[in-house]
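Asks:
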Amino acid sequence: MVEVLQYAKRRVDALRGDHEARRIHEDDLGTHFQLLILVVAVVFPIAVALAVSTKQTGVITGVGDLLPGSYAVENYREVLVDYRFGRFMWNSLAMSVVIVVGKLAISVFAAMAIVYYRVPYKDLVFLFILFTLLLPVPVRFIPLFQLMNDLGWSNTILAITVPYLASATTVFILRQHFLSIPTSIVETAKLDGVGPLKFMLFVLLPMSKGVLVGVSIIMFVYAWNQYLWPLIIIDSEANQVAQVGLQLLQGDVQGGQLSWSLVMAGSTLTLLPPLLLMIVFRKPLLETFSIQQK
Amino acid sequence: MTTVTLHDLRKEFDDVVAVNGIDLEIVDGEFLVIVGPSGCGKSTTLRLLAGLEDATGGEIVMDGRDVTAVEPKDRNVAMVFQNYALYPHMTGRRNITFGMKSSGDFTDEAIDRRVGEAAETLDIADLLDRKPQAMSGGERQRVALGRAIVRDPDAFLMDEPLSNLDAKLRIQMRAELAQLHTSLGTTTVYVTHDQTEAMTLGERVVVMNDGRIMQVDEPQTLYDFPANRFVAEFIGDPAMNMLPVDIENGTAVHDAFAIPLPNADGGLRNGANGDGDVPIRDGRRAVLGVRPEDLYLATERPDASGETLAATVDVTEPLGDSLLLHCSIGESPCKIQAKPRSDIRPGDTVSIAYDPARLHCFDPESGDAFYHSESDASSESVAAAADQGR
Numbered sequence: 037m038v039e040v041l042q043y044a045k046r047r048v049d050a051l052r053g054d055h056e057a058r059r060i061h062e063d064d065l066g067t068h069f070q071l072l073i074l075v076v077a078v079v080f081p082i083a084v085a086l087a088v089s090t091k092q093t094g095v096i097t098g099v100g101d102l103l104p105g106s107y108a109v110e111n112y113r114e115v116l117v118d119y120r121f122g123r124f125m126w127n128s129l130a131m132s133v134v135i136v137v138g139k140l141a142i143s144v145f146a147a148m149a150i151v152y153y154r155v156p157y158k159d160l161v162f163l164f165i166l167f168t169l170l171l172p173v174p175v176r177f178i179p180l181f182q183l184m185n186d187l188g189w190s191n192t193i194l195a196i197t198v199p200y201l202a203s204a205t206t207v208f209i210l211r212q213h214f215l216s217i218p219t220s221i222v223e224t225a226k227l228d229g230v231g232p233l234k235f236m237l238f239v240l241l242p243m244s245k246g247v248l249v250g251v252s253i254i255m256f257v258y259a260w261n262q263y264l265w266p267l268i269i270i271d272s273e274a275n276q277v278a279q280v281g282l283q284l285l286q287g288d289v290q291g292g293q294l295s296w297s298l299v300m301a302g303s304t305l306t307l308l309p310p311l312l313l314m315i316v317f318r319k320p321l322l323e324t325f326s327i328q329q330k
Numbered sequence: 032m033t034t035v036t037l038h039d040l041r042k043e044f045d046d047v048v049a050v051n052g053i054d055l056e057i058v059d060g061e062f063l064v065i066v067g068p069s070g071c072g073k074s075t076t077l078r079l080l081a082g083l084e085d086a087t088g089g090e091i092v093m094d095g096r097d098v099t100a101v102e103p104k105d106r107n108v109a110m111v112f113q114n115y116a117l118y119p120h121m122t123g124r125r126n127i128t129f130g131m132k133s134s135g136d137f138t139d140e141a142i143d144r145r146v147g148e149a150a151e152t153l154d155i156a157d158l159l160d161r162k163p164q165a166m167s168g169g170e171r172q173r174v175a176l177g178r179a180i181v182r183d184p185d186a187f188l189m190d191e192p193l194s195n196l197d198a199k200l201r202i203q204m205r206a207e208l209a210q211l212h213t214s215l216g217t218t219t220v221y222v223t224h225d226q227t228e229a230m231t232l233g234e235r236v237v238v239m240n241d242g243r244i245m246q247v248d249e250p251q252t253l254y255d256f257p258a259n260r261f262v263a264e265f266i267g268d269p270a271m272n273m274l275p276v277d278i279e280n281g282t283a284v285h286d287a288f289a290i291p292l293p294n295a296d297g298g299l300r301n302g303a304n305g306d307g308d309v310p311i312r313d314g315r316r317a318v319l320g321v322r323p324e325d326l327y328l329a330t331e332r333p334d335a336s337g338e339t340l341a342a343t344v345d346v347t348e349p350l351g352d353s354l355l356l357h358c359s360i361g362e363s364p365c366k367i368q369a370k371p372r373s374d375i376r377p378g379d380t381v382s383i384a385y386d387p388a389r390l391h392c393f394d395p396e397s398g399d400a401f402y403h404s405e406s407d408a409s410s411e412s413v414a415a416a417a418d419q420g421r
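If you read the sequences in order, they're chains A and B. The opening residue of the first sequence carries number 37 in the numbering used here; numbering runs sequentially from there. The opening residue of the second sequence carries number 32 in the numbering used here; numbering runs sequentially from there.
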C-alpha cells in the first residue's frame, strides 16, 4: 500500500515537473541495474553455450574465446544429421505432450470431484493426494522399474509417461482455481439442469483457460527436462529423449575427444521448445502465478 | 403459477440451526419478501426452496407436489443471485440460452422467440452480443433477470438481487422489478436485508430472526401493528423508540412521565397475539414503543392536546427533510423526528407531544406485543362492521 502511494506521489510530482521528479530516474535506474544483473546472471551460461556451439572444438581459455565462431552450420548439421538428434527431440516432444495432456485430464477430473462433489472423506482424499508430493518419482525408481518390466513397458513411451500422469501440484492449483469460481455460477448451472460433463466443457474449462495454459507450460517444461528416469528405463537409442541424448553427443570421451561444441549445439536445440512456449504463453503464465507487473 | 407451502421446515448446519421449523404459505402469483438481519436464515430458506440445500426436516410442497427431495432442475424455479452469476465467457444471449438449451425442452425457434420477448421486456436487446465484462452492474442484473424469465418458471427466487447496485440504480431497478412482477404475475420469493426494499416490493413481507418467522403480513400492517419487539425495531428507519414503563390504571408510567393508554381498559388488542384480547393488568412491566415520527415538539403542534414529555437533546442530525433529535427522556434514550430548520441545539430541553393513536406495548421478557392503541383496521374494524351488520 505504502509503495503504491509513494509511486502515485512520484507520478504526480513527475507530471508537475517538480525537482523531486529527478529522483524517479535515480530510483528507476537502481531498479533497472538490479534487473540487469539478474538477467546477465541468467543469460550468461546460455550465451556461453550459444557461443561455444559455433566453435570447432569448444574449448574456452579466455574471454576472446567467447566470440561467436564460424562452425555454427557445421555443428548443428552434425548434431541433427549425424547424431540424429531430431529423433531425440521428437521423442521428448511426444513424451511431454502425452504427460501434459494426461496430467490435465486426470487433474481436471480430480479437482472437479474434490471441489464440486459430495465425496465421503473428501478432505482426507485431498490430503492424501498432497501427501504424494512427499514421494517424488526418483524415490519410487526401484519399485517402478520392477513394475515397468513386469508390465513389459520398459523401453516404450508408456514407461516414461504413465508414471508422471498423476500430479498433486496440478490438482492443487486447479482446486484452488475452481474454489475461486463463485458458487452461484455453479448453482445456476445446477438449477438450469446443466449436466456435469457439459458444465465441465462449457463452463469450467472456459473459465479456467488461463490457469490451464499456465499449468500446462510448467508441466511441459518439467516433462521436457526429465533425465534420470528415461536414462534408466529406456535402453534403445531410437526411443531415447533429448536430455539423455545430449550425453551421446559427447563423442569418444575415453579417446579424449570430448566435443563440447556439439554438446552445446544440442543443448541450445533442447532449449528451444520450452523457450518458445514460454514466449508465446507468457501472459497466462504470469496470470496463473499472480506475478503482476507493478 | 404456483402455490408453495412450507411445513415445519428445518435446516441445520452441523450444530447451527439456520432455519428452525418454519410454516409458510406462498400464494399463487404473490410477491413475497423475506427480510431479516444477516444470519437469520432467510437466504437458507430460499436455497431450500430452490433445492440447493437439503432440508434437515419438514417439507416443501409446490402445487400439491412434495418437492422436498426433488433435484433443483426438476423444480422449475429460476434463481437470481446477488452477484448476477453470469458466465463471464459467454455473451448475454448465450448466458440466457445456455440453460434452456441444456434442458432440451425448447426448440431453437422457441428459444429465439423467448429471448426476443425477454429482451424487449427488459430492454436488453443491445446487450445480447456483449460479454458481462462489458456491462454495468444494472445491465448484468437485467441479463440475469432475462435468463430467469425466458424459462417461464413456476417461481422466481431472488437472493438480494439489488444489493450490488448503487443506491440510485437500486431504486430504479426496484420499480422495474415491481413492474415486471405485475406484467408476468409469476410467484416471486425475494430475499433482502433491506427493510425499505421489503416494504416497497412485498405484497406480503416475512420478517425472520434466528431461523424463525417473527411475523408475516402486508407491509403497512407490519409497520402499524408489529407482533413483537423485534419486528417493531427492525421495520422502520429510524427504529422505534423503546421505553421501559409500568402499567398502572391504564397508564404507562415511566420515571419521567405518565402517558394514558387509550382504550386500555377495554381490551388491548392485536387479535393476532394470544395476549391481545386480555385487558392489561395493573402493575405489569412493559416496554412502550413509539416511532420517532409519532413524536413531535410540542411547539410544532400548539393545538394538540394531551400530555407532553420533557426531553433533553443530546445530538441533532439534520436529514434535510426532517431533523432527527437524539434525546434522553429521564434515563431512556429516545429519537424524535422533528420538522427541519429548527434551531435546537444539544443540551436544550424540549417538550414533546405524541400521537396517542400510535402507541405500542411489548412484554419485556417475551417481546410480544400486547397492546396497540389503535386497533388493527384490517382485521378488527371489519369484524366489528360485520357484527353491526348482523
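Yeah, the Cβ is synthetic: ideal placement off N, Cα and C, and Gly gets one too.
(1) Could you name the residues of the stretch 167-197 of chain B whose beta carbon sits closer than 7 Å to any beta carbon of chain A, in the order they occur along the chain?
(2) Whose C-beta lies closer than 6 Å to the C-beta of B/R389 among residues of the same chain, with five residues either side of it excluded?
(3) Tell me which residue opens and which closes the beta strand (DSSP E) that B/S382 is part of.
(4) Which residue comes first and which comes last in the alpha helix (DSSP H) that contains A/P320?
(5) What residues from chain A crowd round B/P103, counting only those whose CB sits closer than 7 Å?
(6) Is A/S220 close to chain B, meaning its C-beta is less than 7 Å from at least one C-beta of that chain?
(7) Interface residues of chain A around B/A150 at Cβ under 9 Å?
(8) What number of angstroms, rounded off, separates the C-alpha of B/G305 from the C-alpha of B/L55?
(9) So if I threshold CB-CB distances at 7 Å, which residues from the stretch 240-264 of chain A count as touching chain B?
(10) Should the stretch 369-380 of chain B be regarded as contacting the stretch 331-350 of chain B, the criterion being three or more beta carbon pairs within less than 8 Å?
(11) Report yes if the CB atom of B/N107 is closer than 7 Å to the CB atom of B/P184, and no otherwise.
(12) Excluding the five sequence neighbours on either side, which residues of its own chain have a C-beta within less than 6 Å of the C-beta of B/T287, listed in chain order?
(13) To the nearest angstrom, how far is it from the Cα of B/S363 to the Cα of B/G70?
(14) Run through DSSP, which three-state label would B/A270 get?
(15) Between B/L83 and chain A, is any beta-carbon pair separated by less than 7 Å?
(16) Say whether chain A places a C-beta atom closer than 7 Å to the C-beta of B/M110.
(17) In angstroms with no decimal places, state the Cα-to-Cα distance between B/R235 and B/A229.
(18) Whole alpha helix (DSSP H) runs in the stretch 118-167 of chain A with 4 or more residues, listed along the chain?
(19) Can you tell me where the alpha helix (DSSP H) holding B/H212 begins and where it ends?
(20) According to DSSP, is B/F44 helix, strand or coil?
(21) Can you look up B/T34 in the DSSP assignment and give me helix, strand or coil?
(22) Would you mind telling me which residues of chain A sit closer than 8 Å to B/A116, beta carbon to beta carbon, in chain order?
(23) Between A/V249 and the rest of its own chain, which residues show a CB-CB distance below 8 Å, the 5 nearest in sequence each way excluded?
(24) Could you tell me whether the stretch 149-160 of chain A touches the stretch 241-255 of chain A, using the rule of 3 or more Cβ pairs below 8 Å?
(25) Tell me whether B/V237 sits in a helix, a strand or coil according to DSSP, three-state version.
(26) Taking the C-alpha atoms as reference points, what is the distance between A/P310 and A/V173?
(27) Three Cβ pairs or more, each shorter than 8 Å: is that satisfied between the stretch 121-137 of chain B and the stretch 216-234 of chain A?
(28) Within 10 angstroms of the Cβ of B/R332, are there 16 or more other Cβ atoms? Answer buried if so, exposed if not.
(29) Would A/V230 pass as an interface residue toward chain B - the criterion being a Cβ-Cβ separation below 7 Å?
(30) If contact means a Cβ-Cβ distance below 7 Å, which residues of the stretch 304-319 of chain A contact chain B?
(31) Measure from the alpha carbon of B/P387 to the alpha carbon of each residue in B/D399, B/T282, B/L355, B/K199, then state which is nearest.
(32) Measuring straight from C-alpha to C-alpha, what distance separates B/A209 and B/D225?
(33) Which class does B/Q246 belong to by DSSP, given the choice of helix, strand or coil?
(34) At what residue ranges does the stretch 56-109 of chain A contain a whole run of the alpha helix (DSSP H), taking only runs of 4 or more?
(35) Return the first residue and the last residue of the alpha helix (DSSP H) that B/R376 is part of.
Replies: Short version:
(1) Residues passing the 7 Å Cβ filter: none.
(2) Locating residue 389 of chain B in the second sequence gives position 358, where the first residue counts as 1. Hits under 6 Å: D325.
(3) Along the second sequence, read from residue 1 onward, the residue named residue 382 of chain B stands at position 351. B/S382 -> beta strand (DSSP E) spans 380-385.
(4) The sequence position of residue 320 of chain A within the first sequence is 284, counting from 1. Annotation: the continuous alpha helix (DSSP H) that includes A/P320 extends over 318-324.
(5) As a position in the second sequence, residue 103 of chain B is number 72, starting the count at 1. Going along chain A in sequence order, the residues near B/P103 (Cβ under 7 Å) are K226, L227.
(6) What you label residue 220 of chain A is simply residue 184 of the first sequence in a count that begins at 1. For A/S220, the nearest beta carbon of chain B is closer than 7 Å to its own beta carbon.
(7) Position 119 of the second sequence holds residue 150 of chain B. Neighbours of B/A150 on chain A: none; closest Cβ ~19 Å, over 9 Å.
(8) On the second sequence, position 274 is the one that residue 305 of chain B refers to. On the second sequence, position 24 is the one that residue 55 of chain B refers to. Caution applies to B/G305, whose pLDDT of 43 falls short of 50 and renders its modelled position unreliable; the model cannot decide the point.
(9) The residues in question are P242, M243.
(10) Of all C-beta pairs linking the stretch 369-380 of chain B to the stretch 331-350 of chain B, three or more are shorter than 8 Å, placing the two stretches in contact.
(11) Here the question's residue 107 of chain B lines up with position 76 in the second sequence. Here the question's residue 184 of chain B lines up with position 153 in the second sequence. Their beta carbons are under 7 Å apart, which means B/N107 touches B/P184 by this criterion.
(12) Counting from one through the second sequence, the residue named residue 287 of chain B turns up at place 256. The identity of residue 287 of chain B in the sequence shown is Ala, whereas the question assumes Thr. For B/A287, where only same-chain residues beyond five positions count, the Cβ hits under 6 Å are I360, G361.
(13) To locate residue 363 of chain B, count along the second sequence from 1; it is residue 332. To locate residue 70 of chain B, count along the second sequence from 1; it is residue 39. For B/S363 and B/G70, the distance between alpha carbons rounds to 29 Å.
(14) Here residue 270 of chain B refers to the residue found at position 239 when the second sequence is read from its first residue. B/A270 falls in the coil class under three-state DSSP.
(15) For the purposes of this step, residue 83 of chain B is taken as the residue at position 52 of the second sequence. Yes, its Cβ sits closer than 7 Å to a Cβ of chain A.
(16) Indexing the second sequence from 1 puts residue 110 of chain B at position 79. So, interface residue.
(17) Walking along the second sequence from the start, residue 235 of chain B turns up at place 204. Walking along the second sequence from the start, residue 229 of chain B turns up at place 198. Roughly 9 Å separates the two Cα atoms.
(18) Within the stretch 118-167 of chain A, complete alpha helix (DSSP H) segments of at least 4 residues are found at 121-152, 158-167, given in chain order.
(19) Counted from its first residue, the second sequence places residue 212 of chain B at position 181. Looking at the DSSP string, the run of the alpha helix (DSSP H) that includes B/H212 is 198-215.
(20) Against the second sequence, residue 44 of chain B aligns to sequence position 13. The three-state reading of DSSP puts B/F44 in strand, counting E and B together.
(21) Position 3 of the second sequence, counting from 1, holds the residue named residue 34 of chain B. When secondary structure is reduced to three states using DSSP, B/T34 falls in the coil class, being assigned neither helix nor strand.
(22) Indexing the second sequence from 1 puts residue 116 of chain B at position 85. For B/A116, the C-beta contacts it makes with chain A under 8 Å involve P218, S220, I221, E223, T224, in order along the chain.
(23) As a working note, residue 249 of chain A is residue 213 in the first sequence. So the qualifying residues of the chain are F317, P320, L321, T324.
(24) With the cut-off at 8 Å, the stretch 149-160 of chain A and the stretch 241-255 of chain A do not touch.
(25) Position 206 of the second sequence, counted from the first residue, corresponds to residue 237 of chain B. Strand, per DSSP.
(26) Position 274 of the first sequence, counting from 1, holds the residue named residue 310 of chain A. Position 137 of the first sequence, counting from 1, holds the residue named residue 173 of chain A. Straight-line Cα distance between these residues: approximately 22 Å.
(27) Yes: the two stretches touch, three or more of their Cβ pairs being nearer than 8 Å.
(28) Taking the first residue of the second sequence as 1, we reach residue 332 of chain B at position 301. It is exposed - the Cβ of B/R332 has fewer than 16 other Cβ atoms within 10 Å.
(29) By one-based count along the first sequence, residue 230 of chain A stands at place 194. Output row for A/V230: interface = yes.
(30) Within the stretch 304-319 of chain A, no residue has a Cβ that lies closer than 7 Å to any Cβ of chain B.
(31) Start at 1 with the first residue of the second sequence, and residue 387 of chain B comes out as number 356. Comparing alpha carbon positions, the residue from B/D399, B/T282, B/L355, B/K199 closest to B/P387 is B/T282.
(32) Position 178 of the second sequence, counted from the first residue, corresponds to residue 209 of chain B. Position 194 of the second sequence, counted from the first residue, corresponds to residue 225 of chain B. Pairing B/A209 with B/D225, the inter-Cα distance amounts to about 16 Å.
(33) Indexing the second sequence from 1 puts residue 246 of chain B at position 215. DSSP, read as helix, strand or coil, puts B/Q246 in strand.
(34) As far as the stretch 56-109 of chain A is concerned, its whole alpha helix (DSSP H) runs of at least 4 residues are 57-88.
(35) Numbered from 1 along the second sequence, position 345 holds the residue referred to as residue 376 of chain B. B/R376: not part of any alpha helix (DSSP H); DSSP gives it neither H nor E.
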